[in-house]
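Residue numbers (our numbering): 8 to 257. Just so it is clear, CB atoms sit at the ideal spot from N, CA and C, and this is done for glycine as well. A quick write-up on the structure given underneath.
Structural data, given as C-alpha cells:
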C-alpha cells in the first residue's frame, strides 16, 4: 500500500491526519515559505497528539527560508536542532543541503545523519533544486537517507511523473521515493501508479482569523489542516492501490 504523508504545522493537524488515515506527518512551521523548523513546544504537543503511534511524527529541520546552500552557522544550528529531537518520541527528521554548484552536499548531510543517530532521515525537495536530480539521487547511496521527497524536479508532482517513475527505478537500495509538491487529489492515483512509496501533501485550507493582528501581525488569515482533504487523499490512494493489485475490495 502507498503511504500517505501530510505536512502539518500543529497538534491539531496531527490529530486530523491520524484520524484521516495518514501513515505519518511532517511537522514544520511556516508552510507558506516551504517549511521551517518547528518549536520544541510544537514538537512535544505533536508527539502527544499522535497518541503513542510510533514513528508518526517526522520533523522538518530547516533553519531559514531561501536556498539550500548553508553557512557554517546554519549547519551548526540545524545539527543542534536535530540533536535536540533525540528522545522526544519523533519518528524521524527531514533535511537537505546543497553545494553552490547544485549538487547534494554529502559532507553536510553526513553531519545531519550523525546528529540524527538512529532516527530515520528523509532528504527533502532540495533534490529538485539540483543540477541533475537523477544523478544526485544515485549519490545518496550509503548516505543514511531512507526516503526522498521530490516532485520529479517539476513545479507540480504530476508534471514530473515521468521523472518520478525513473527515480523509483534508480533509487539506491533502502531509499524510498515520496512524491510531493503541488499534489491535488485527482493527481494521486497516477502518482501511486508510478510506483512511489508515498505521496505527500499539505491538505491545507485558509481560515480567517477573527481577531485583529494589528499593524505588525501580518496577514489576517491562518493555515489549517483540512480533514476533508486528508480523507480524500486516503480514499484516492486506497482506490489506486486496489486498481494496481486488481482487487475489487473497498
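Secondary structure of residue 28, DSSP reduced to three states: Here residue 28 refers to the residue found at position 21 when the chain shown is read from its first residue. Coil at residue 28, not helix or strand.
Terminal residues of the alpha helix (DSSP H) in which residue 85 lies: Taking the chain shown and counting its residues from 1, the one referred to as residue 85 is at position 78. Here the alpha helix (DSSP H) through residue 85 covers 79 to 92.
Through-space distance from residue 98 to residue 59, alpha-carbon basis: To locate residue 59, count along the chain shown from 1; it is residue 52. To locate residue 98, count along the chain shown from 1; it is residue 91. Distance between residue 59 and residue 98, taken at the CA atoms: about 11 angstroms.
Cα-Cα separation, residue 71 to residue 41: By 1-based counting over the chain shown, the position of residue 71 is 64. By 1-based counting over the chain shown, the position of residue 41 is 34. The alpha-carbon atoms of residue 71 and residue 41 are separated by roughly 10 angstroms.
Whole-angstrom distance between residue 201 and residue 18, CA atom to CA atom: Here residue 18 refers to the residue found at position 11 when the chain shown is read from its first residue. Here residue 201 refers to the residue found at position 194 when the chain shown is read from its first residue. Those two C-alpha atoms are separated by around 32 angstroms.
Nearest-angstrom Cα separation, counted from residue 190 out to residue 143: Within the chain shown, the letter at position 136 stands for residue 143. Within the chain shown, the letter at position 183 stands for residue 190. In a straight line, the C-alpha of residue 143 is about 23 angstroms away from that of residue 190.
Status (buried if at least 16 other CB within 10 Å, exposed otherwise) for residue 169: Reading the chain shown from its first residue, position 162 is the one you call residue 169. Residue 169 is exposed by the Cβ-count criterion.
Inside the stretch 146 to 186 only - beta strand (DSSP E) runs reaching at least 3 residues: 152 to 157
Of the residues 182, 22, 132 and 181, the one placed nearest residue 163, counting alpha carbons only: As a first step, residue 163 must be located in the chain shown, where it is residue number 156. Considering only alpha carbons, the answer is 132.
Contact check, residue 100 vs residue 92, beta carbons under 8 angstroms: For the purposes of this step, residue 100 is taken as the residue at position 93 of the chain shown. For the purposes of this step, residue 92 is taken as the residue at position 85 of the chain shown. Against a cut-off of 8 angstroms, the Cβ pair of residue 92 and residue 100 comes out as a contact.
Alpha carbon of residue 211 to alpha carbon of residue 193, nearest angstrom: By 1-based counting over the chain shown, the position of residue 211 is 204. By 1-based counting over the chain shown, the position of residue 193 is 186. Each residue's Cα considered, the two are about 16 angstroms apart.
Boundaries of the alpha helix (DSSP H) in which residue 114 is found, first to last residue: Your numbering for residue 114 matches position 107 in the chain shown. It spans 113 to 123 - the alpha helix (DSSP H) in which residue 114 sits, taken as one unbroken run.
Exposure of residue 77, with buried meaning 16 or more beta-carbon neighbours within 10 Å: Numbered from 1 along the chain shown, position 70 holds the residue referred to as residue 77. Residue 77 should be labelled buried.
Spatial distance of residue 44 from residue 176 (CA atoms): Here residue 44 corresponds to residue number 37 of the chain shown, with the count starting at 1. Here residue 176 corresponds to residue number 169 of the chain shown, with the count starting at 1. Straight-line Cα distance between these residues: approximately 31 angstroms.
Residue 128: first and last residue of the uninterrupted alpha helix (DSSP H) it sits in: Here the question's residue 128 lines up with position 121 in the chain shown. DSSP places residue 128 outside any alpha helix (DSSP H); the residue lies instead in the beta strand (DSSP E), whose first and last residues are 128 to 130.
Cβ-based neighbour list, residue 106, same chain, cut-off 6 angstroms, excluding 5 preceding and 5 following: For this step, residue 106 is matched to residue 99 along the chain shown. Cβ neighbours of residue 106 beyond the five flanking positions: 112.
Paired residues, beta bridge with residue 211 - DSSP: Stepping through the chain shown from its first residue, residue 211 is reached at position 204. 232, per the DSSP bridge assignment.
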